[in-house]
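What follows is a set of notes on a single structure, which appears directly below.
Residue numbers (our numbering): 172 to 297.
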């Protein structure tokens, strides 16, 4: 079943690594095959990856949209996860869930779980 997407005026979207920006009007379209898609609200720019959990989210985003460099991103991911787990042992279950999804190819689900990790990090630091 095709994925129906509605873009607001000037909204950005990543489809299979291509960054797309909508024009001045609302646009609706269908994506008929399976490709990585990230809406603007889910896209993190590198400069925004300014905490350990946010760096984990950012590298998962790269894994999701740029499979050509998967080996490099995986190495970075595992180093970040190890450091985060050592600093915040109570995050083990959430990190395990994220990692399990990455290993099984459910990268978008891992990205959603990484949002929970960012919220958890904020809660701990508060």
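Even for Gly, the Cβ is constructed at its ideal location relative to N, Cα and C.
{"Check": "Assumed close pair residue 251, residue 287 - CB separation to whole angstroms, cut-off 8 Å", "Outcome": "In fact, because the Cβ distance is near 16 Å, the residues do not count as touching under 8 Å."}
{"Check": "Reference residue 277, options 254, 248, 235, closest by Cα", "Outcome": "235"}
{"Check": "Start and end residues, alpha helix (DSSP H) containing residue 286", "Outcome": "278–296"}
{"Check": "Between the CA atoms of residue 202 and residue 172 - distance to the nearest angstrom", "Outcome": "9 Å"}
{"Check": "Three-state class that DSSP yields for residue 189 in the structure shown", "Outcome": "strand"}
{"Check": "DSSP beta-bridge partners of residue 177", "Outcome": "199"}
{"Check": "Whole runs of the alpha helix (DSSP H) within the segment 197–269, excluding any shorter than 4 residues", "Outcome": "223–236, 241–258"}
{"Check": "Neighbourhood of residue 185 by C-beta distance below 8 Å, restricted to the same chain and skipping five residues each side", "Outcome": "191, 207, 208, 209, 214, 236"}
{"Check": "Same chain, Cβ closer than 8 Å to residue 180, five either side skipped, listed in chain order", "Outcome": "193, 194, 195, 196, 197"}
{"Check": "Contact set for residue 295: own chain, Cβ-Cβ below 7 Å, skip 5 residues either direction", "Outcome": "259"}
{"Check": "Distance CB(residue 284)-CB(residue 267) smaller than 8 Å", "Outcome": "no"}
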